[in-house]
Amino acid sequence: MIPIKNAKEAEKMRQACRVASEILDRVVAIIRPGIMTKEVDETAAEMMQEAGVKSAFLGYRIGHRVYPGNICISLNDEVIHGIASQRRIQYGDIVKLDIGVIREGWIGDTATTVPVGIIDEQTER
């Protein structure tokens, strides 16, 4: 059964989603050739701290596995929910971003795909 939220709870959910969306927009703006995915993750963490929220992903446990990133970032044909690393984003890459935040106990989660420069038709499909 899905619990029904009251107006106050629904507004808190909206606020968490709004913050996640604002951070996602700011993260998209820093995507460029040459930046490491780890730098993107670290910058997102700084943005979350500035906004007074925490990552919904960092430390998330599934069994004995713990997610080590603040956001999920994948390049090209990698499966979504990738982990940031020393990989550098290149011109023509497709970057998939997923950002989740916790604000006052509520989670806001949003994602997008970002083409870096002009991508070829095959990649676009």
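Number 1185 in the working numbering belongs to position 2 of the sequence shown; there are no gaps in the numbering. Just so it is clear, CB atoms sit at the ideal spot from N, CA and C, and this is done for glycine as well.
What's the C-alpha gap between residue i and residue j?
i	j	result
Met1225	Asn1253	Note that residue 1225 is Glu in the sequence shown, not Met. One C-alpha to the other measures close to 7 Å.
Ala1234	Lys1191	20 Å
Thr1293	Ile1301	24 Å
Gly1288	Arg1197	12 Å
Ala1203	Gly1217	25 Å
Gly1242	Ile1290	15 Å
Glu1185	Asp1303	The amino acid at residue 1185 is misidentified as Glu; the sequence shows Ile. Answer to the nearest angstrom: the Cα atoms are 43 Å apart.
Met1231	Arg1201	12 Å
Pro1182	Leu1280	In the structure as shown, the chain begins at 1184 and stops at 1308. Residue 1182 is therefore absent and cannot be evaluated.
Gly1246	Glu1194	32 Å
Ser1268	Ala1199	27 Å
Closest to residue i by CA distance: which of the options is it?
i	options	result
Thr1296	Arg1271, Pro1186, Asp1208, Arg1270	Asp1208
Ile1277	Ile1214, Met1231, Gln1269	Ile1214
Ala1265	Val1223, Met1231, Ile1206	According to the sequence displayed, residue 1265 carries Gly and not Ala. Gly1265 has its Cα closest to that of Val1223, out of Val1223, Met1231, Ile1206.
Ala1227	Val1299, Ile1256, Ile1245, Val1262	Ile1256
Thr1306	Gln1269, Asp1260, Arg1270	Asp1260
Within this structure, are the beta carbons of residue i and residue j separated by less than 8 Å?
i	j	result
Thr1220	Ile1263	no
Val1249	Tyr1274	no
Legend entry - Any 3 or more C-beta pairs closer than 8 Å across the segment 1284-1297 and the segment 1228-1240: yes
Inset, instruction - Any chance you could list the beta strand (DSSP E) runs of at least 3 consecutive residues sitting entirely within the segment 1272-1307, in chain order? - result: 1277-1286, 1289-1298
Inset, instruction - Identify every run of the alpha helix (DSSP H) within the segment 1200-1277, keeping only runs that are complete inside it and at least 4 residues long; order them along the chain. - result: 1220-1234
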